[in-house]
Amino acid sequence: METIKIQYLNDEIERLRYIDGKSDWIDLRAAEEVELKAGEFKLIHLGVAMQLPEGYEAHIVPRSSTFKNFGIIQTNHCGIIDESYCGPNDWFYMPAYALRDTVIHVNDRICQFRIEKHQPTIGFEEVDHLNGEDRGGIGSTGKR
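Numbering (our numbering), first residue to last: 1 to 144.
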């Protein structure tokens with residue numbers, strides 16, 4: 001089992017927990033009250049800083065209900081935080097863009113994360129032609 005050292009912004013932030021058997025994604029919560037008007041952008045403080053294990057990175061994405069419940073989208077679609085972002089002021093944030101007026105309260109679950117091992121070292125070999133089966137290009141899955 002990997003261990004992650006975590007620092008919380010304050011005692012108001014609900015503590016993270018891994019729920020075995022339910023999902024391997026861990027919910028992150030707003031650490032501040034946020035009011036956004038349609039078209040506004042804000043970095044929403046998530047109330048945690050972490051020291052990830054060496055060789056790992058955190059992938060942060062919205063929860064499936066985030067847009068429905070709050071009308072926001074994550075502007076970078078998937079945030080990647082590597083293990084070097086581990087100081088006492090290296091807080092996690094969600095870059096959010098509001099598509100409607102909304103209010104997000106402290107401890108509202110707005111995004112989630114999981115850790116992944118870094119990609120192994122890879123090389124690229126340039127070729128003149130690929131020999132795999134031609135599937136018909138983008139948007140062609142299931143069409144014949």
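Cβ atoms here follow ideal geometry from the backbone N, Cα and C, with glycine treated the same way.
- Nearest C-alpha to GLN119 among CYS111, HIS59, ILE110 and PHE70: HIS59.
- In the structure shown, LYS42 falls within a strand segment according to DSSP collapsed to helix, strand and coil.
- Around the beta-carbon of GLY136, fewer than 16 other beta-carbon atoms lie within 10 Å, marking it exposed.
- Per DSSP, THR121 lies in no beta strand (DSSP E) and is assigned neither H nor E.
- Of PRO88, MET50, ILE104 and ASN89, the smallest CA-CA separation from LYS5 is found for MET50.
- Three or more pairs of CB atoms, one per stretch, sit closer than 8 Å, so the segment 32-51 contacts the segment 98-109.
- Contact annotation, VAL48 with LEU16: C-beta distance approximately 7 Å; criterion of less than 8 Å satisfied.
- Looking at the DSSP output, ASP27 sits in a beta bridge with GLN112.
- Straight-line measurement puts the Cα of LYS22 at about 25 Å from the Cα of ILE72.
- Under the DSSP assignment, LYS5 falls in the beta strand (DSSP E) whose first and last residues are 5-8.
- If the five residues before and after ASP24 are omitted, its C-beta is found closer than 7 Å to the C-beta atoms of ARG114, all from its own chain and listed in chain order.
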